[in-house]
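Here is the structure we will look at, set down as structure tokens.
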Amino acid sequence: MTFKSLLLVGGALLTGTAASAGGYQVTLAGIKNNGMGGVGVGLSLDQAAMFYNPGALAMVKERGVQLGANATLARQAFRAENGSVQRELQNNTTTPFSLFAGFGPAEGKFRAGIAIYTPFGNKLQYADGWEGRFALTQIDLKAIYVQPTFSYAISDKLSIGAGLTYLALGSVNLQRDVPAQNADGQFASIELDGDAERKFGFNAGVFFKPSEKLSVGISYRSKIDAQVKDGDVTFRNLSATATPGFQATKFAATLPLPATTSIGIGVMPTEKLTIGLDVNFVEWSAYENLTFDFNAPVNGSPTSVSKRYYEDALTFRIGGQYQITSGLTVRAGGAYDNSPVKDGYITPETPDSDRVTGTLGASYKFGEKFGVDLSTQFVNLKKRTQTQAELLSNGTTDRVAGTYKTSVVVPGIGLNYTF
Amino acid sequence: MNTFSLKKTWPAVALLGLAACQPELDAPAVDKGSADFSSYVAIGNSLTAGFQSGGLANFGIETSYPAILAQQFAKANGGDFVSPKFDEGQKDGSGYLKFYGLTTAGSPVILAPGQSATATLAGQTTPRTFTNNPADYKFAFTGRTLPAPPLGSGAAELAPFNTAQPNNLGVPGISVLSADRTASSVPQIAGAAQAYGNLNNYYQRLLPAADRGVTDYTTFIGRKNATFFTCWLGNNDVLTYATNGGVAVATDPFSNLTDTTSFGRGYRNIVRTISKNGTVGGVVANIPNVANVPYFTAVTVASVLAGFQQVNPAAPAVFIQTSSTTTPVRAATAADLITLPAASVVATGVGSTPTNPIPNNLVLDAAEVTAIQTRTTQLNAIIAKTARQYKVGLVDMNSFFSTIALGGIAINATSNNAGFIRGNLFSLDGVHPTSRGYAVIANEFIKVINATYGASIQPVNPTEYNALLLP
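Top to bottom, those sequences are chains R and X.
The working numbering numbers the first residue of the first sequence as 1 and each following residue consecutively.
The working numbering numbers the first residue of the second sequence as 1 and each following residue consecutively.
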């Protein structure tokens with residue numbers, strides 16, 4: 001299969017993402033890494049190092065291209081404090097994808113590469129008529145980064161690297177019902193749809209491998225404020241009486257895609273066994289409010305401010321791989337993710353909770369140059385309840401009181417070609 | 001790697017995906033506690049009947065708080081609950097107000113059956129004439145009238161509810177004084193309570209023919225073998241007087257503020273009767289402060305004055321006629337409450353000069369507000385004491401309505417308050433709740449029932465019930 005047809009496969013899978021790390025972050029880049037609990041900062045497995053630690057890229061011997069695609073299958077149950085029916089998401093599958101291509105001289109000290117991946121995203125569609133319909137009926141948030149990367153090996157033990165992270169595509173579509181009924185009893189609805197301005201950030205990393213059995217890494221990916229300046233506002237089913245209060249046609253909003261700092265350790269007790277440990281620190285506290293500025297008042301106000309008050313959060317990851325035969329490698333891992341969302345601040349667009357993830361993976365090499373990677377992540381979000389009393393005391397009554405329980409399965413497949 | 005391998009691997013990946021099981025959350029426990037809901041009976045006035053937007057119709061009866069409670073009780077061994085609905089061909093019952101839109105000045109155009117008005121709606125430039133055609137209603141009037149005064153009211157007769165005594169015994173307009181013939185020691189008032197079936201067409205339609213004019217409400221409800229009851233009575237012992245601007249009508253013996261002695265006698269007799277001397281469980285609700293409803297808050301002195309000053313920038317004040325004999329006409333202050341029906345009168349300039357004041361029956365002046373609030377407090381003390389005496393729960397609707405008037409109530413990401421039209425909770429008459437408002441009230445009842453009887457009756461989601469439908 002040629003490089004061109006690999007790209008076509010990726011295009012057919014579309015983009016979009018769903019809950020797979022705290023908040024709306026998605027840590028699904030390398031399919032090999034996915035099978036190992038998402039570790040990678042202290043490892044130099046393959047071209048996906050551009051995402052996990054650009055400093056490690058120079059230590060990746062092979063040049064190559066790899067394409068990965070995941071399917072996130074989220075299932076959620078919700079019970080409102082008022083009303084005893086269990087609500088479930090309308091099932092939908094999103095497909096975060098990634099592409100990594102690394103180049104460089106066979107024996108040189110540097111590697112260059114280009115990476116395309118989806119580090120943030122969220123897609124949820126709630127059942128018709130659910131209790132939180134006035135907070136959210138559906139959301140589709142996408143962010144695609146394109147990252148040219150350069151990595152240089154200062155010595156055979158130490159390498160550094162950096163990349164420009166370019167927010168090539170950012171889009172948001174939010175829909176919710178408006179609590180004003182027309183003469184037929186239908187509720188009006190509002191849809192906000194916009195594309196983010198293209199912006200640059202960066203990532204950088206250092207990789208140190210003091211011995212054959214140990215490696216350590218540290219990496220940083222900067223914050224990018226995804227800014228929608230001229231989004232479209234559409235109202236539906238508005239009665240003539242309500243129409244004068246809902247004249248907005250445009251909105252502006254900013255969503256922080258927060259900075260992430262990671263440290264990782266790799267241990268290689270034998271040639272066949274690799275174990276990785278990562279800790280990610282995400283500066284979620286940048287997300288204080290979600291503010292929409294409208295070009296005309298919506299129900300009396302030209303701005304809508306919704307409190308988020310996220311907290312910085314840590315994720316702990318562990319994973320390993322074992323090479324069974326020259327062709328087959330198997331992987332397993334796990335992660336524990338602290339939710340950045342405080343009690344009483346859970347919103348339907350990110351019904352987040354501390355999560356425990358278990359992963360499995362395998363790779364098979366067809367000859368010298370082709371390989372297929374498979375992975376599956378089982379993500380279990382803890383049951384989480386917020387009460388109306390909490391919403392009242394926090395001033396967060398723009399969301400719904402009740403209990404959420406979510407689980408996600410993320411199968412993934414990757415194709416890699418080395419040259 | 002080729003497309004063949006892709007075809008082979010994707011089913012395997014999809015299989016892994018099947019492991020994404022739908023999480024389940026346990027349904028909340030439902031338990032009747034020590035209460036017995038096998039025969040629930042609701043007694044009360046228009047608020048219990050499901051009156052909405054100035055009338056009683058099937059859509060209101062179906063979302064009355066007793067109907068909502070019965071639906072939740074049914075999940076905890078509750079029995080059948082019969083609502084006194086009108087036949088489908090007469091589903092609009094007495095008729096009700098309709099809302100035609102907001103004018104450019106923001107005033108609602110609300111018309112009773114048969115009324116018409118000319119107005120320019122917001123967003124439009126030319127005035128239009130709106131007519132609420134009575135032919136659009138499926139009324140339940142028989143064409144006959146109740147007996148003429150003094151023995152009756154002469155009101156239009158409503159089709160009788162023909163099956164056995166229903167479970168919702170709410171009668172729009174009824175007060176404690178008019179419900180119990182032992183309440184008043186004045187023979188004319190006691191007699192009118194006994195003859196109440198000839199005075200109130202909503203009561204008459206529930207009564208068997210032989211009882212009309214001879215059976216008072218206490219006797220009528222005593223025929224029902226309730227195992228659980230709710231009682232929300234007493235509102236009309238202050239509200240009838242308040243909505244008429246603090247003016248008693250000479251021909252209506254129940255139009256004044258009810259005195260505490262009569263109220264206490266009547267109220268105790270009613271609760272004793274329905275609770276079978278305290279042996280049947282139930283809850284009673286008290287009387288909200290009438291000044292918190294849109295009927296008295298939607299039209300303010302400031303808004304009326306602003307209207308006058310648009311016509312005449314020098315307009316000095318809003319002049320009202322008061323019940324005081326020393327100053328029968330004076331400039332209104334913010335403490336005087338102008339009633340909702342005054343809106344159409346002030347629109348013609350009434351109240352702009354001392355010689356053309358707003359009539360006494362359209363204004364609740366500050367002194368009357370104080371008198372009504374004092375009486376409400378006294379009557380609520382009697383209700384609380386009676387609840388203790390007969391060991392039933394007390395729903396403090398007075399506090400609850402005050403909370404809503406002060407800060408509103410947030411439910412499932414909606415804000416609801418006591419505002420007129422936009423507040424979601426009050427219907428077009430400014431006194432009676434919308435279906436959503438009744439659902440909120442039902443949830444308050446459920447809280448007290450759960451606390452009193454150790455039950456776990458689940459509340460309902462009020463946003464599933466209609467607020468005002470906007471044209």
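Cβ atoms here follow ideal geometry from the backbone N, Cα and C, with glycine treated the same way.
This structure is a prediction, so every number in the text was calculated from the model and none was measured.
Check                                                                                                                                                                               : Outcome
Alpha carbon to alpha carbon, how far is residue 110 (chain R) from residue 419 (chain R)? Give it in angstroms, no decimals.                                                       : 16 Å
Please identify the residue among R:44, R:289 and R:63 whose C-alpha is closest to the C-alpha of residue 107 (chain R).                                                            : R:63
Grab me the residues of residue 348 (chain R)'s own chain with a C-beta within less than 6 Å of its C-beta, minus the 5 sequence neighbours each way, in chain order.               : 132, 135 and 136
On the DSSP bridge assignment, give the partners of residue 405 (chain R) in chain order.                                                                                           : R:77
Rounded to whole angstroms, what's the CA-CA distance from residue 183 (chain R) to residue 127 (chain X)? Just pull it up for me.                                                  : 21 Å
Spatial neighbours of residue 384 (chain R) within its chain, please: CB distance less than 6 Å, with the 5 preceding and 5 following residues excluded, ordered by chain position. : 353 and 404
Alpha carbon to alpha carbon, how far is residue 459 (chain X) from residue 447 (chain X)?                                                                                          : 8 Å
8 Å is my cut-off, CB to CB: does residue 76 (chain R) come that close to chain X?                                                                                                  : yes
Suppose the cutoff is 6 Å on Cβ atoms and the five residues either side in sequence are ignored; what does the same chain contact list for residue 140 (chain X) look like?         : 86, 90, 93, 158 and 159
Would you mind telling me which residues of chain R sit closer than 7 Å to residue 245 (chain X), beta carbon to beta carbon, in chain order?                                       : Here the premise fails: no neighbours, minimum Cβ distance about 29 Å.
Which residue from R:84, R:91, R:51 and R:31 puts its Cα closest to that of residue 70 (chain R)?                                                                                   : R:31
Cutting at 6 Å between CB atoms, please list the residues of its own chain near residue 461 (chain X), excluding the five before and the five after it.                             : none
Measuring only the C-alpha atoms, how far is residue 213 (chain X) from residue 187 (chain X)?                                                                                      : 15 Å
Residue 120 (chain X) and residue 176 (chain X): beta carbons closer than 8 Å?                                                                                                      : no
Could you check where the alpha helix (DSSP H) with residue 184 (chain X) kicks off and where it finishes?                                                                          : Run containing residue 184 (chain X): none; DSSP gives neither H nor E here.
Are the C-beta atoms of residue 462 (chain X) and some chain R residue less than 8 Å apart?                                                                                         : yes
At the level of alpha carbons, what is the spacing between residue 342 (chain R) and residue 310 (chain R)?                                                                         : 7 Å
With distances taken between CB atoms, is the gap from residue 436 (chain X) to residue 424 (chain X) smaller than 8 Å?                                                             : yes
For chain X, find out if any of its Cβ atoms is closer than 8 Å to the Cβ of residue 352 (chain R); answer yes or no.                                                               : no
Confirm, please, whether the CB-CB distance from residue 55 (chain X) to residue 95 (chain X) is below 8 Å.                                                                         : yes
Tell me which residue opens and which closes the alpha helix (DSSP H) that residue 246 (chain R) is part of.                                                                        : Here residue 246 (chain R) belongs to no alpha helix (DSSP H), and DSSP marks it neither H nor E.
Is any beta-carbon of chain R found at less than 8 Å from that of residue 25 (chain X)?                                                                                             : yes
Over what stretch of residues does the alpha helix (DSSP H) that includes residue 221 (chain X) continue unbroken?                                                                  : 217 to 221
Taking Cβ positions only, does residue 174 (chain X) come closer than 8 Å to chain R?                                                                                               : no
Would you check if the stretch 147 to 155 of chain X and the stretch 263 to 274 of chain R touch, i.e. whether three or more CB-CB distances between them fall below 8 Å?           : no
Do you know offhand how far residue 84 (chain X)'s Cα is from residue 344 (chain X)'s?                                                                                              : 34 Å
According to the neighbour-count rule (16 or more other Cβ atoms, all chains shown, within 10 Å of its Cβ), is residue 427 (chain X) buried or exposed?                             : buried
Below 8 Å between beta carbons: does that hold for residue 240 (chain R) and residue 351 (chain X)?                                                                                 : no
Closest to residue 31 (chain X) by C-alpha separation, out of X:76, X:168 and X:337, would be which residue?                                                                        : X:76
Does the stretch 361 to 372 of chain X come within contact of the stretch 383 to 395 of chain X, defined as at least 3 CB pairs closer than 8 Å?                                    : no
Report the CB separation of residue 221 (chain X) from residue 274 (chain X) in whole angstroms; it is logged as a contact under 8 Å.                                               : 6 Å
Ordered along the chain, which non-local residues of its own chain (more than five positions away) have a Cβ less than 8 Å from that of residue 469 (chain X)?                      : 99
How many whole angstroms separate the CB atoms of residue 27 (chain X) and residue 84 (chain R), which I take to be in contact at a CB cut-off of 8 Å?                              : 6 Å
Going by beta carbon distance, what residues of the same chain come within less than 6 Å of residue 313 (chain R), once the five residues before and after it are set aside?        : 22, 282, 284, 338 and 340
Decide yes or no for the touch test of the stretch 320 to 336 of chain R against the stretch 51 to 62 of chain R: beta carbon pairs closer than 8 Å, at least 3 of them.            : no
Is the CB of residue 92 (chain R) under 8 Å away from at least one CB in chain X?                                                                                                   : no
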